[in-house]
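Below is one structure; the comments refer to it alone.
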Amino acid sequence: MNTNFPEPHVHLPQGPHTHTAVLLHGRGSNGREFAEELFSSSTSTGQNLPSQLPTWRWVFPTAKGRWNDRFQEDLCAWFDAHSLDDITEHQESQIPGLQESVSYILGILEREIELLVGRTTHVYLGGISQGMATALWSWFCASCRVKGRLGGVLGFCGWLPFAERFENGDLDGGRRIVELCSSVAGASVGEDMRVLHTPVLLGHGTDDPMVSVQLGRQVVGIMKRAGMEVEWLEYVGAEGDGHWIKAPEGFDAILRFLQSGSGGINGK
19 MNTNFPEPHV HLPQGPHTHT AVLLHGRGSN GREFAEELFS SSTSTGQNLP SQLPTWRWVF
79 PTAKGRWNDR FQEDLCAWFD AHSLDDITEH QESQIPGLQE SVSYILGILE REIELLVGRT
139 THVYLGGISQ GMATALWSWF CASCRVKGRL GGVLGFCGWL PFAERFENGD LDGGRRIVEL
199 CSSVAGASVG EDMRVLHTPV LLGHGTDDPM VSVQLGRQVV GIMKRAGMEV EWLEYVGAEG
259 DGHWIKAPEG FDAILRFLQS GSGGINGK
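Taking my numbering, the leading residue of the sequence shown gets 19, the next gets one more, and so forth.
In structure tokens:
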């Protein structure tokens, strides 16, 4: 595992370990902070996610500190994003960070799959904001290191870097996305494309002031055109001025999504 990254924050299961969720924070946050914020929110039952999925291991990696020209300070960030108003602005500057972060996240996925004796469908990957962007790229680059599909990919309030390259032309069932992302990230393209059959849950607030909901809709359109299985949620009135997951509806959707592939209320 890349030792240049801080150690992930891990919330351990309260029983025999059956599943793992690897969840990536947004720019300026960190793994522990994201975990605290996520677990302070509840579903409509009044319980948080770990309480309802007690056999799950929750892994919250932390990005490196990177100098941000716009804010003139070091921020925890998976890659350099010059502008969220125009995600194509200075887009090439995103590549070094994407390369580092994707490689790091794929290493975490490999380790978590190994802990679950190779059961790839028991491992989920997701994130919020820039964490969603990084999770999507890590998923698309996973064919060389993950044999089989993941349990699921989930993301909120995010976007897909270099999305404009996929808006036209034949996506060949998603293989074109894999090839471009892998090329940019410096990853090999595996022959096993089962990872693309992973179910996806994405959500975005229509009132999000930081990342436009249009960027989320763009991702969904690309995925559907590639024939991927994706569930899309739009909502209004989430905390954080709209740049967060709507409670309790969004957390109900996350719970249903995680349970749908894990065989029951406790994830057994």
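Beta carbons: idealized from backbone N, C-alpha and C, even for Gly.
Being a predicted model, the structure only gives us computed values, none of them experimental.
Contact check, residue i vs residue j, beta carbons under 8 Å
{"i": "Phe78", "j": "Leu41", "result": "yes"}
{"i": "Gly204", "j": "Gln117", "result": "yes"}
{"i": "Trp157", "j": "Val213", "result": "yes"}
{"i": "Thr61", "j": "Leu273", "result": "yes"}
{"i": "Ala153", "j": "Val171", "result": "yes"}
{"i": "Leu93", "j": "Gly46", "result": "yes"}
{"i": "Phe174", "j": "His222", "result": "yes"}
Alpha helix (DSSP H) segment containing residue i, residue limits
{"i": "Ala151", "result": "148-158"}
{"i": "Gly221", "result": "Looking at the DSSP string, Gly221 is not in any alpha helix (DSSP H); the run it does join, the beta strand (DSSP E), is 218-223."}
{"i": "Val77", "result": "Unbroken run through Val77 is the beta strand (DSSP E), 74-78; no alpha helix (DSSP H)."}
{"i": "Val237", "result": "231-243"}
{"i": "Leu276", "result": "267-278"}
Cα-Cα separation, residue i to residue j
{"i": "Gly192", "j": "Lys242", "result": "10 Å"}
{"i": "Glu267", "j": "Gly245", "result": "26 Å"}
{"i": "Phe184", "j": "Gly33", "result": "43 Å"}
{"i": "Phe269", "j": "Ser201", "result": "35 Å"}
{"i": "Trp177", "j": "Gln148", "result": "7 Å"}
{"i": "Gly144", "j": "Glu209", "result": "24 Å"}
{"i": "Gln70", "j": "His27", "result": "20 Å"}
{"i": "Asp259", "j": "Ser59", "result": "15 Å"}
{"i": "Ala271", "j": "Pro217", "result": "13 Å"}
{"i": "Asp98", "j": "Gly115", "result": "6 Å"}
{"i": "Trp96", "j": "Arg84", "result": "8 Å"}
{"i": "Glu182", "j": "Trp262", "result": "25 Å"}
Residue range of the unbroken beta strand (DSSP E) whose run includes residue i
{"i": "Ala53", "result": "Careful: Ala53 lies outside any beta strand (DSSP E), inside the alpha helix (DSSP H) at 49-57."}
{"i": "Val202", "result": "Counting along the chain, Val202 falls outside any beta strand (DSSP E), though it belongs to the alpha helix (DSSP H) covering 193-203."}
{"i": "Leu67", "result": "That residue, Leu67, is in no beta strand (DSSP E); its alpha helix (DSSP H) goes 67-70."}
Per the contact definition of three or more C-beta pairs closer than 8 Å, is the segment 178-196 in contact with the segment 65-80? Contact between the segment 65-80 and the segment 178-196 is absent, because fewer than three Cβ pairs lie under 8 Å.
Starting from the N-terminal side, write out each stretch of the beta strand (DSSP E) that is 3 residues or longer and does not extend beyond the segment 102-156. Entirely contained in the segment 102-156, the beta strand (DSSP E) runs reaching 3 residues are, in chain order, 141-146.
For the pair the segment 166-179 and the segment 126-141, tell me if three or more CB-CB distances fall below 8 Å. Cβ pair count under 8 Å is three or more, so yes.
Validate contact between the segment 100-110 and the segment 133-143 using beta carbons, cut 8 Å, 3 pairs: Too few Cβ pairs lie closer than 8 Å, so no.
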